[in-house]
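Under my numbering, think of the first position of the sequence shown as 371, with each following residue one higher.
Notes follow once the structure below has been shown.
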Amino acid sequence: MDQITGENMVQELILSNKHYKKADKLESLNMFKGQLYETIVTTQSNEHIKNAAPIGVICKDSNHVVIHLDNCVHTHLNIMENGELIVNITKNPLIFTHSTLGELDDECFDEFNGFPMIKDSLGFFKAHVIKTIEKKRENDYNDGKGNVVTCEVEDIYISETHEVIPLNRAMNAVIESLVYYCRFDHKYKEKQDMIWTHMKELNRVCQKVGNEKEKRSMKLILDKLKENHEYLE
Ligand SMILES: Cc1cc2nc3c(=O)[nH]c(=O)nc-3n(C[C@H](O)[C@H](O)[C@H](O)COP(=O)(O)O)c2cc1C
Numbered sequence: 371m372d373q374i375t376g377e378n379m380v381q382e383l384i385l386s387n388k389h390y391k392k393a394d395k396l397e398s399l400n401m402f403k404g405q406l407y408e409t410i411v412t413t414q415s416n417e418h419i420k421n422a423a424p425i426g427v428i429c430k431d432s433n434h435v436v437i438h439l440d441n442c443v444h445t446h447l448n449i450m451e452n453g454e455l456i457v458n459i460t461k462n463p464l465i466f467t468h469s470t471l472g473e474l475d476d477e478c479f480d481e482f483n484g485f486p487m488i489k490d491s492l493g494f495f496k497a498h499v500i501k502t503i504e505k506k507r508e509n510d511y512n513d514g515k516g517n518v519v520t521c522e523v524e525d526i527y528i529s530e531t532h533e534v535i536p537l538n539r540a541m542n543a544v545i546e547s548l549v550y551y552c553r554f555d556h557k558y559k560e561k562q563d564m565i566w567t568h569m570k571e572l573n574r575v576c577q578k579v580g581n582e583k584e585k586r587s588m589k590l591i592l593d594k595l596k597e598n599h600e601y602l603e
């Protein structure tokens with residue numbers, strides 16, 4: 371059962387036996403300005419039908435994020451309907467997978483102040499929309515309309531027992547590229563073209579969502595490979 375304890379009812383939160391402490395900046399969740407993190411966004415319709423979906427969240431400053439709603443249906447409709455969301459930080463691959471391939475089971479959800487959140491969250495924040503810009507989307511759901519939505523962050527809670535590090539695709543891209551680099555001339559000798567194409571895609575992702583160290587690492591890997599294989603471009 372959900373309960374809120376602590377001096378003023380908000381400093382410590384216990385949900386499904388997980389202890390959270392209140393924070394006031396996104397940096398407490400290890401979310402930093404200009405970076406894009408892969409999160410699970412929970413929303414609900416005005417009829418209280420809950421939903422969860424993986425959504426990339428761009429950190430604008432300590433209390434604002436931007437999300438692009440262009441490839442989701444329920445999340446988009448719910449956010450347009452009532453402007454409320456919870457951004458959940460989790461590393462559970464099954465939460466990402468089930469919420470992409472279908473719907474999450476009821477037992478994966480908990481509630482924070484009557485709003486759905488992910489039970490497994492290492493940290494989360496409630497947010498509300500303060501600005502919406504229409505954008506043309508690449509597919510034709512919702513009459514080809516997407517939205518770029520700026521949100522103000524309200525309550526932030528972080529796990530008292532786990533370090534909260536949100537997922538970001540850049541570090542994975544660096545590690546994958548390093549593995550490709552090590553195997554390029556033997557295991558992958560016969561398929562270097564394909565691997566190089568993939569590495570360029572990993573580089574694109576990394577340059578888009580990575581921090582300075584990740585971007586620099588990726589450039590070093592690609593430059594070194596080009597130096598060793600003049601035909602690569
Ligand atoms: C890692 C990951 C990140 C995603 N980021 C976004 C995003 O930023 N915006 C978006 O519209 N869809 C995004 N998607 C796609 C939606 O999560 C996916 O289409 C989901 O099934 C939508 O669920 P819904 O219709 O219940 O909202 C992402 C998917 C994954 C796997």
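Glycine residues also receive a C-beta, built at the ideal position from the N, C-alpha and C atoms.
As the structure is a computational prediction, the values presented were derived from the model and not from experiment.
Compute the Euclidean distance between the alpha carbons of residue i and residue j, then round it to the nearest angstrom.
i: Thr470; j: Pro424; result: 7 Å
i: Ser398; j: Val435; result: 14 Å
i: Met564; j: Ala543; result: 16 Å
i: Val499; j: Arg539; result: 25 Å
i: Leu537; j: Ala497; result: 19 Å
i: Ile535; j: Glu600; result: 38 Å
For a test of your reading of the model: does the CB of residue i fall under 6 Å from any non-hydrogen atom of ligand 1? Yes or no.
i: Leu455; result: no
i: Asn421; result: yes
i: Ile459; result: no
i: Val443; result: yes
i: Glu408; result: yes
i: Arg425; result: First, the amino acid is wrong: residue 425 is Ile here, not Arg. For ligand 1, at least one heavy atom lies less than 6 Å from the Cβ of Ile425.
i: His418; result: no
i: Ile572; result: Residue identity differs from the one stated: residue 572 is Leu in this sequence, not Ile. No, since every heavy atom of ligand 1 falls outside the 6 Å radius drawn around the Cβ of Leu572.
i: Asp475; result: no
i: His468; result: no
What does the Cβ neighbour count give for residue i, buried or exposed, with the cut at 16 atoms within 10 Å?
i: Val443; result: exposed
i: Val519; result: buried
i: Ser415; result: exposed
i: Leu385; result: buried
i: Val579; result: buried
i: Pro486; result: buried
Quickly, what does DSSP pair residue i with across the bridge? List them, please.
i: Thr413; result: Asn421
i: Lys501; result: Thr520
i: Asp431; result: His434
i: Glu389; result: The residue asked about is misnamed: residue 389 is His in this sequence, not Glu. Bridge partners of His389: Ile384.
i: Asn458; result: Ile410, Phe494
The region 513-532 touching the region 385-392, judged by at least three CB pairs closer than 8 Å: yes
Cβ contact check for the region 406-422 and the region 482-499: 3 or more pairs under 8 Å: yes
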